[in-house]
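Below is one structure, written out as structure tokens; comments come after it.
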Amino acid sequence: MAQSEPTAPLDGPGAAMLDALFSQSLVGLHLLDTDLRVVRVNTATPAMRDVPVEDVVGHRVDEVYGLLDADEVMALVRGVLDSGVPLVAHIVRAHRRGDPGHQYFHEISVFRLETPSGDVLGLAVAVVEVTEREESRAREVVLEMTREHVGRTLDVLETCQELVDVLVPRVADIAVVEVVDAVLRGDHPPLAPLPRDVPLRRAAFRSAAGGGTGTGTGTGTDTDADAPQAHPLGDVRALPGPTPYTQALSDLRPRAVASLDEDLPWLAADPARARAIRAAGAHTLITAPLTVRDTVLGLISLYRTRQGEPYDEDDVSLLLQVADHTALSIDNARRYTREHTIAATVQRQLLPRRPSSHPALETTPLLLPPDSGGQWYDTIPLSGARTGLAVGGVVGRGLHAAAVMGQLRTVVRSLAAFDVEPDELLARLNDTATFLAAERATLPTADPLHRQALAARFAYAVYDPLTLTCTVAGAGSPSLVVVHADGSTEVRNVPAGSLLGSEDKTPFAATAFTVPEGSLLILSDTPLPALVASGDADALRRLAEQHRGRPLEDLRDDVLYALAGSAEPGPTALLLVRTHPFPADRVGVWQLPDTPTVVATARRLVRDRLADWGVERETAHDTELIVSELVTNAVRYGSPPLELRVINDRALTCEVRDGSASTPRLRHASVADEGGRGLFIVAQLAQAWGTRYTPEGKIIWTEQNPPPG
271 MAQSEPTAPL DGPGAAMLDA LFSQSLVGLH LLDTDLRVVR VNTATPAMRD VPVEDVVGHR
331 VDEVYGLLDA DEVMALVRGV LDSGVPLVAH IVRAHRRGDP GHQYFHEISV FRLETPSGDV
391 LGLAVAVVEV TEREESRARE VVLEMTREHV GRTLDVLETC QELVDVLVPR VADIAVVEVV
451 DAVLRGDHPP LAPLPRDVPL RRAAFRSAAG GGTGTGTGTG TDTDADAPQA HPLGDVRALP
511 GPTPYTQALS DLRPRAVASL DEDLPWLAAD PARARAIRAA GAHTLITAPL TVRDTVLGLI
571 SLYRTRQGEP YDEDDVSLLL QVADHTALSI DNARRYTREH TIAATVQRQL LPRRPSSHPA
631 LETTPLLLPP DSGGQWYDTI PLSGARTGLA VGGVVGRGLH AAAVMGQLRT VVRSLAAFDV
691 EPDELLARLN DTATFLAAER ATLPTADPLH RQALAARFAY AVYDPLTLTC TVAGAGSPSL
751 VVVHADGSTE VRNVPAGSLL GSEDKTPFAA TAFTVPEGSL LILSDTPLPA LVASGDADAL
811 RRLAEQHRGR PLEDLRDDVL YALAGSAEPG PTALLLVRTH PFPADRVGVW QLPDTPTVVA
871 TARRLVRDRL ADWGVERETA HDTELIVSEL VTNAVRYGSP PLELRVINDR ALTCEVRDGS
931 ASTPRLRHAS VADEGGRGLF IVAQLAQAWG TRYTPEGKII WTEQNPPPG
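Numbering follows our numbering, in which position 18 of the sequence shown is assigned residue number 288; successive positions increment by one, without gaps.
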């Protein structure tokens, strides 16, 4: 330290002023020698007046005052003496003589004193009590932490646990949160006063003694398992009364109990809680209701065991502010749970109960997550023993996504009934999605949906077990993984298209490829990084090795585990498909000459095949009439080559193929007309009929009720 100019000896008015400073200053003043013993001290501050001067002078400060961190404080003071670097505005904690249960905060500044020649004389210590300021600051810290950390998730139990993690040990040594059980299910909370028979679930618990935390799952950590609790986490029961807890839930006012002694009469009303209080050594309590708009969500209870001072009005005010924030967070989580539950229920009702079965095909779906509301799958029976495979997902979550999903799924089923190709189906489905997006854009600006663009991912494939082909198209970035019967695998390149509902007018494209019998297909509306080379390369190999002979549901679990280990795949809808050989004896195919006499030949061929299948006589007669009309139309209005095919599948199917692309039309002939009744007769005899176009022409098909057996 630089030497100052010499000054005159302090006497006369200067000495008097120094004496006045030490006797009248509201700042605690201490002069310490080089052994850190007190040489002089003032007695003006409350902290100093608690200790007589004769008990201070000649002693070190840590021997006189109840410093809570004495070793640390003395080390800092010794550092100032050794280095000469001042210590300014450092906070120390202490308790006063005769009041060990209450801690006080002091702000100290320490300066080294030297002679003009540089000799060290000792230290000057200025002390200001800042208990009220520090306690107010601590309360502000708790409020800030509550706003920052409580309510980060839309989960009631997580919110309750976040609350006790903030409060312990800053405000309490033990914190308990109990929530009305109906709130956890998303139901409306009851109005105040809370009826006595309404059950509450112990949602969160934390103890500073155990040092651990517990969650509403009912398990908690080992440390909290050893901490005394009236009831385990997850326990659901109505509160016995009257107690401060039931009273707080009745009139929505907090209760502060300064001393939890054995003489309190209400402890007998709740023996389990009384035993836990005694076992924990709790000596003071504050409990406050969690309320929103005069409804009761739950209860917060705070206890002190280590901290000596009882709760005061400032603590009550703090807890009320914390409770208000927590109650709003819990109510938001409850509303989300309710909407989520409704959306999941709507989704379950809109999804097929189970995938359609087929002799040549078995399927099982996988939705990730399973209850987002906007994802769907479908297996659609098509003519000619074919099956339409659909997976998709509406961007977003909740009830509105589920509603859009239901609309799009209905349109997909309607379009599939017209036997359109996958790329054309997507184009027409996109028209519907664009129309729905335009409707959403016209909503009032205050409507939340107005700001949410409508978009959806979708993949659609058609599998034909008779030709062993699969044709697929997609909107977004779909993927298709094929695991062959021999264990080899491949990732098919599905043409990517714009999301449904977007303004991009790029046409959708489809690709067709051969699928050998016994293959496993995994169709997804999004990329699957965990099953392709860019992700876990071993996952696909393991799946290929294990898929043979295993139930499809087990393979679905394997795919789920592989996807769970990948990085954030996002909402995904998958359909696992295993192909089987179609029974050759359940198909009849004949090439027919383009002559008028071929009609009789076609009737005979079908009659013989239906007899082999054991089809009842009336159904066989109707089928002969259908074949007669279809073949007649093909000879008269179509062009060669002609092909007749009958399939004994989920329905009895008749198909006539010809090389013309002209579309047949159902007519209602008048009484005087000699013709024009062919398709009308067909429509009356068959349950369904239609036209399917191919690159070589068209196919007219009919379906009748499946034959017995």
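Glycine included, C-beta positions come from ideal geometry on N, C-alpha and C.
Since the structure is predicted, the reported quantities are computational estimates derived from the model, not experimental observations.
What's the gap between the Cα of Q861 and the Cα of L914? As the crow flies, the alpha-carbon of Q861 is around 6 Å from that of L914.
Can you give the Cα-Cα distance for A479 and P622, rounded to whole angstroms? Across the structure, A479 and P622 are spaced so that their CA atoms are roughly 53 Å apart.
Those runs of the alpha helix (DSSP H) which lie wholly inside the segment 571-620 and span at least 4 residues: For the segment 571-620, whole alpha helix (DSSP H) runs of length 4 or above, ordered along the chain, are 583-620.
Thinking C-alpha only, which one of I600, D582 and L560 is nearest V420? Comparing Cα-Cα distances from V420 to each of I600, D582 and L560, the minimum goes to I600.
Near V358, what residues of its chain come up, given a Cβ to Cβ distance below 7 Å and the 5 sequence neighbours on each side ignored? Once the five neighbours on either side are set aside, the close Cβ partners of V358 are S379.
Nearest-angstrom Cα separation, counted from R618 out to R455: Using only the alpha carbons, I get a separation of about 18 Å.
Alpha carbons only, please: which of G948, T902 and P502 is nearest the one belonging to R543? That would be P502, whose Cα lies nearest to the Cα of R543.
Helix, strand or coil for Y515, going by three-state DSSP, please let me know. Helix.
Check whether the segment 568-576 and the segment 348-364 touch, using three or more Cβ-Cβ pairs below 8 Å as the test. Taking a cut-off of 8 Å for Cβ pairs, the segment 568-576 and the segment 348-364 do not touch, as fewer than three such pairs fall below it.
Delimiting residues of the alpha helix (DSSP H) encompassing F705: Unbroken alpha helix (DSSP H) run through F705: P692 to A711.
Short of 6 Å in beta carbon distance, which residues of its chain neighbour G658, apart from the five on each side in sequence? Order them along the chain. Cβ neighbours of G658 beyond the five flanking positions: I650, L652, A686 and V732.
Nonlocal neighbours in the same chain, by C-beta distance under 7 Å from S520, ignoring five residues either side: Once the five neighbours on either side are set aside, the close Cβ partners of S520 are P463 and L464.
Strand pairing of H300, partner residues [DSSP]: In DSSP, H300 forms a bridge with V311 and V395.
In three-state terms, what does DSSP make of L509? Note: L509 maps to coil in three-state DSSP.
Could you tell me if E342 is buried or exposed, where buried requires 16 or more neighbouring beta carbons within 10 angstroms of its beta carbon? Classification for E342: exposed.
List the endpoints of the continuous beta strand (DSSP E) containing D734. A726 to D734 is the span of the beta strand (DSSP E), which, as asked, contains D734.
Going by the CB atoms, is the gap between L695 and V753 shorter than 7 Å? Going by beta carbons, V753 and L695 fall outside the 7 Å limit.
Just to confirm before moving on: does the CB-CB distance between P459 and T565 stay below 7 Å? Remark: C-beta atoms of P459 and T565 approach each other more closely than 7 Å.
In chain order, which continuous runs of the beta strand (DSSP E) of length 3 or greater are located wholly inside the segment 434-465? Note on the segment 434-465: whole beta strand (DSSP E) runs with a minimum of 3 residues are 444-450, in chain order.
Would you say L638 and T423 are within 7 Å of each other, going by their C-beta atoms? Cβ distance not < 7 Å, so L638 and T423 don't count as in contact.
Check whether the Cβ atoms of P524 and A474 sit closer than 7 Å, and answer yes or no. In this structure, A474 does not lie closer than 7 Å to P524 by Cβ.
Flag this pair as yes or no: are the beta carbons of L530 and A552 separated by less than 7 Å? Their beta carbons are under 7 Å apart, which means L530 touches A552 by this criterion.
Would the segment 392-405 count as touching the segment 586-596 if we require 3 or more Cβ pairs under 8 Å? A contact between stretches requires three or more CB pairs, one per stretch, nearer than 8 Å, and the segment 392-405 fails this requirement with the segment 586-596.
Is DSSP giving R363 helix, strand or coil here? Three-state DSSP puts R363 in a strand.
6 Å Cβ shell around M344 - same chain, five flanking residues per side excluded: These residues qualify, in order along the chain: D332.
Are the CB atoms of D425 and A671 within a distance shorter than 7 Å? At the C-beta level, A671 and D425 stay beyond 7 Å of one another.
In angstroms with no decimal places, state the Cα-to-Cα distance between R259 and P821. No answer is possible for residue 259: it lies beyond the span of the chain, which begins at 271 and ends at 979.
Rounded straight-line distance, which links the Cα of R727 to that of A921: Between the alpha carbons of A921 and R727 lies a distance of about 32 Å.
Nonlocal neighbours in the same chain, by C-beta distance under 6 Å from S930, ignoring five residues either side: Same-chain partners within the cutoff: G908, S909 and G967.
Sort out for me which residues DSSP pairs R472 with in a bridge. Beta-bridge pairing links R472 to E448.
Bridge partner(s) assigned by DSSP for P651: Answer is T657.
Touching or not, the segment 843-855 and the segment 864-874, by the rule of three or more beta carbon pairs under 8 Å? Under the Cβ criterion (8 Å, minimum of three pairs), the segment 843-855 does not count as touching the segment 864-874.
So, under 8 Å CB-CB, F220 and R762 are touching, yes? Tell me the CB distance rounded to an integer number of Å. Within the shown structure, residues of the chain are numbered from 271 to 979, placing residue 220 beyond reach of any answer.
Complete runs of the alpha helix (DSSP H) confined to the segment 328-355 [at least 4 residues]: Runs found: 331-334 and 340-353.
Classify V859 as buried or exposed, calling it buried when 16 or more other Cβ atoms lie within 10 Å of its own Cβ. It is exposed - the Cβ of V859 has fewer than 16 other Cβ atoms within 10 Å.
Alpha carbon of L240 to alpha carbon of F375, nearest angstrom: Look at the range of the chain in this structure, 271 to 979, and you will see that residue 240 is not part of it.
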